[in-house]
Amino acid sequence: MTALLETQKLTKYFGETHAVDKVDFFVGQGEVLSLIGSNGAGKTSLVNLISGLFPADSGKIFLRGVDVTHQTVQARIKAGIARSFQIVNLFDELTVLDNVALSIFSREGKTKKLFSLADHQGGVWQEAHDILRQFGLETKAQSLAGGISQGERKLLDVAVAYALKPQLLFLDEPTSGVSTREKAPIMDVITSIVRTHGITAVVIEHDMDIIFRYSDRIVVMHQGVVLASGTPEEIRNDERVKDAVFGPAHA
Amino acid sequence: MTEIALAHPGVRSPLRTAVWAVPIAVLLVVVPWLLDSYRTIQLEYGLIFGIAGIGFNLLLGYTGLLSFGHAAYFGVGAYSVAFMVKYLHVSSMELFLLGSIVGTLIVTAVFGYVCVRYTRIFFSILALSLSQVLWSLAFKFFWVTGGTDGLRVPTPKLLGMAAGENEDKTYFLSHGYYYYVLAVFVICVAVMWLIVHSPFAKALQAIRDNETRARFVGLRIRSYRFVAFLVSGVFTGIAGALWVPLNGLVTPDAMVWTFSGEIVFMTVLGGFRNFTGPIVGAVVYNFLKDYAVGFTVYWQTFMGVILVVLVMVLPTGIVGSAKLLWGTARRRLAR
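So, in structure tokens, the structure goes:
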């Protein structure tokens, strides 16, 4: 499998805590990879380092073989990395449509234009409507993002990232905070879109049913290091993972 | 394209805008013939502060940055004019405007570079502190600025034409200069309207709502804030340049922090979550202050009480509240 993203000895310490400790991580082109581990294992920290939210203390990040370790968030987005957030991050006082349109405006460099009317950018609005349709949010287009349900907010969070046309999409707990009944439909929509468009996705998730159902490969983190990596079946049968992540009761 | 444009909530029909904009424009044109000179000049002050208000509101309402230092840019605009008169013997109003734009651009670029690194209270206090530095320079460097005596600015030439020799100054200010101010006001409003309906303003609103997310859709936060700061400062500087011939004199009072507070007051009074709020607020504030000063020596207390009542009863300002009432009335009529 061709590597889309690779990290080499990526490290981040917060004081005495080794959040990410010399992690070698690999994401293959086109796969849906799940990142699992107990709370504090370093999953979100790893995504934060790769997406550029925090600088790494040491180590390297390569995207298609190009070193992006010291690039800005904006440069990484241009290179093809986008992300959603564990706690939904939206523009609550803008409409659902505006949230998605803003990503498109930004992607096309149109947000730098002071003297052109946003409303006259027909292509942008058309694309924003299309994306909302794909995510099943078309009927909410004119609602304020702060006024829609948690499940819809989760989808919109992903739609905003997807509108950047990424090659690598990090989804940080895309179903957290929603009812069990809503989780599978949300994941169905997301995985259908990423697979249709050949987007590589890295999903952080705690719901093991979701993980095993939707992942091509699973990487397990524990105390800041990668504990195991493999297919869902391999991970299910890995004794170390059973002990460290699922606990003795599951072993 | 049309279909999508109509589907977007921000699209306004030009006809709908014309329904309220044309009568107001006509009214503004005939004001010098309807009101006495004193009231006309009061309105003129209101229009000038309206320009400062829409400039200020690009930062507060759209970018979420509350500046308590905008008097500095107003003062820079005014002092730029006074310096051009004193040192370059310029008398053209167009050159005054140009000079004030250049002057405020330089000052806001320096101040903005420092201020936009911070948000919330840190931004507000930094903007306030820097404006006070400028005020103290104007106050202490009296051999340059005239100190508390200020610098006088005579009647300027408008479009190359001087006021008539026998023309009364009050008549000039309430007629010829009124129309000049009105024309600049219309241009400024049109330019700002274009800016706040641009993709750039969408980016500002996004930064205001959620800075982290804005970064992760690819926006360079500081750059956008810096440009907003520059535009905001320049509009306020233009207001200062228009104000000084009307006032006839510029003193350090034009830069003092309490005047920055007045700009905030005007904007909150009209409503900072809509485009026209700061304009309405500036005009109303100017007349209100005029009446309050004539009504009681405790006019500051009177204005303070109004501000408290305003924040408690009309948090969306005059225009915001009017829109709410209008919306409610329309819904009731539709039933």
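For the record, the sequence lines run as chains D and G.
Residue 7 in our numbering is what sits at position 7 of the first sequence, and the numbering runs on without skipping anything.
Counting the second sequence from 1 gives a position; our numbering is that position plus 1000.
A virtual CB, placed ideally from N, CA and C, is assigned to each residue, including glycine.
CA-to-CA distance, I50 (chain D) to G1271 (chain G), given in whole angstroms:
42 Å
Tell me which same chain residues have a C-beta within less than 8 Å of the C-beta of F260 (chain D), skipping the five on either side of it?
Given that chain D is displayed from residue 1 to residue 251, the structure contains no residue 260 (chain D) and the question cannot be resolved.
Output needed for V178 (chain D): all residues of its chain with C-beta closer than 7 Å, excluding positions within five of it in sequence on either side, in chain order.
Q150, G151, K154 and I186
Beta-carbon within less than 8 Å of F1302 (chain G)'s beta-carbon, same chain only, minus the 5 sequence neighbours each way: which residues are those?
Taken in chain order, the residues that qualify are A1292, F1295 and T1296.
Which residues mark the beginning and the end of the alpha helix (DSSP H) in which T1267 (chain G) is found?
W1257 to G1270
Over what stretch of residues does the beta strand (DSSP E) that includes F14 (chain D) continue unbroken?
A3 to F14
Run through chain G and tell me which residues come within less than 9 Å of K112 (chain D), C-beta to C-beta.
The contacting residues are P1199, F1200, A1203, S1223, Y1224 and V1227.
Comparing the C-beta of D92 (chain D) with each C-beta of chain G, is any distance below 7 Å?
yes
I'd like the list of long-range same chain contacts for A1025 (chain G), defined as Cβ closer than 8 Å, with 5 residues on each side in sequence excluded.
V1186
Please state whether DSSP places G1364 (chain G) in a helix, a strand or coil.
Since the first and last residues shown for chain G are 1001 and 1335, residue 1364 (chain G) lies out of range.
Measuring only the C-alpha atoms, how far is S1037 (chain G) from A141 (chain D)?
51 Å
Whole angstroms are fine: how far does the CA of I199 (chain D) sit from the CA of S34 (chain D)?
14 Å
Could you spell out where the beta strand (DSSP E) holding S143 (chain D) opens and where it closes?
Segment: none, S143 (chain D) is in no beta strand (DSSP E) and carries neither H nor E.
Apart from the five residues on each side of it in sequence, which residues of its chain come closer than 8 Å, Cβ to Cβ, to F1068 (chain G)?
S1124, I1125, A1127, L1128, S1131, W1257, S1260, G1261 and V1264
For P166 (chain D) and S229 (chain D), I'd like the C-alpha separation in whole angstroms.
24 Å
Give the interface partners of D950 (chain G) over in chain D, defined as CB-CB distance under 9 Å, in chain order.
With chain G covering 1001 to 1335 only, the question about residue 950 (chain G) has no answer from this structure.
Whose Cβ in chain G lies nearer than 8 Å to the Cβ of R83 (chain D)?
F1216
For a test of the three-state rule: what should DSSP assign to K22 (chain D), helix, strand or coil?
strand
Mind listing which residues of the stretch 65 to 81 of chain D have their C-beta closer than 9 Å to chain G's C-betas, in chain order?
T72, V73, Q74, I77 and K78
Would you list the one or two residues that DSSP bridges to L169 (chain D)?
D:A82 and D:A201
Any chain G beta carbon closer than 7 Å to L5 (chain D)
no
Under three-state DSSP, which class holds R1152 (chain G)?
strand
Counting only beta-carbon atoms, is F170 (chain D) nearer than 7 Å to chain G?
no
Can you look up M1001 (chain G) in the DSSP assignment and give me helix, strand or coil?
With a pLDDT of 36 at M1001 (chain G), under the threshold of 50, the modelled position of this residue cannot be trusted; read the value that follows with caution. DSSP places M1001 (chain G) outside both helix and strand once states are collapsed to three, so it counts as coil.
Residues that R107 (chain D) contacts on chain G, provided the C-beta gap is smaller than 7 Å:
G1218
Close Cβ partners of G224 (chain D) (< 6 Å) along its chain, the five nearest in sequence each way excluded
H18, A19, V20, D21 and G42
Using the beta-carbon of each residue, which ones in chain D are nearer than 9 Å to L1194 (chain G)?
L114, F115, S116 and L117
Looking only at its chain, what residues have a beta carbon closer than 7 Å to the beta carbon of T1040 (chain G), apart from the 5 residues adjacent to it on each side?
V1031, P1032, S1174 and Y1178
So, using beta-carbon positions, are T1063 (chain G) and G1233 (chain G) closer together than 7 Å?
no
Own chain, CB closer than 7 Å to F1172 (chain G), minus 5 neighbours either side, in chain order:
T1155 and A1163
Quick check: is the beta carbon of R1213 (chain G) nearer than 7 Å to any beta carbon in chain D?
yes
Hey, quick one: how far does the alpha helix (DSSP H) through F62 (chain D) stretch, first residue to last?
Looking at the DSSP string, F62 (chain D) is not in any alpha helix (DSSP H); the run it does join, the beta strand (DSSP E), is S58 to L63.
Are the beta-carbon atoms belonging to K183 (chain D) and I210 (chain D) less than 7 Å from one another?
yes
So with CB distances below 9 Å, who are the chain G contacts of S45 (chain D)?
Under the 9 Å cutoff, chain G gives no residues; its nearest Cβ is about 16 Å from S45 (chain D).
Contact set for G1099 (chain G): own chain, Cβ-Cβ below 6 Å, skip 5 residues either direction:
S1080 and M1084
Closer than 7 Å by C-beta to T1119 (chain G): which residues in its own chain qualify, once you throw out the five before and the five after it? Chain order, please.
L1065
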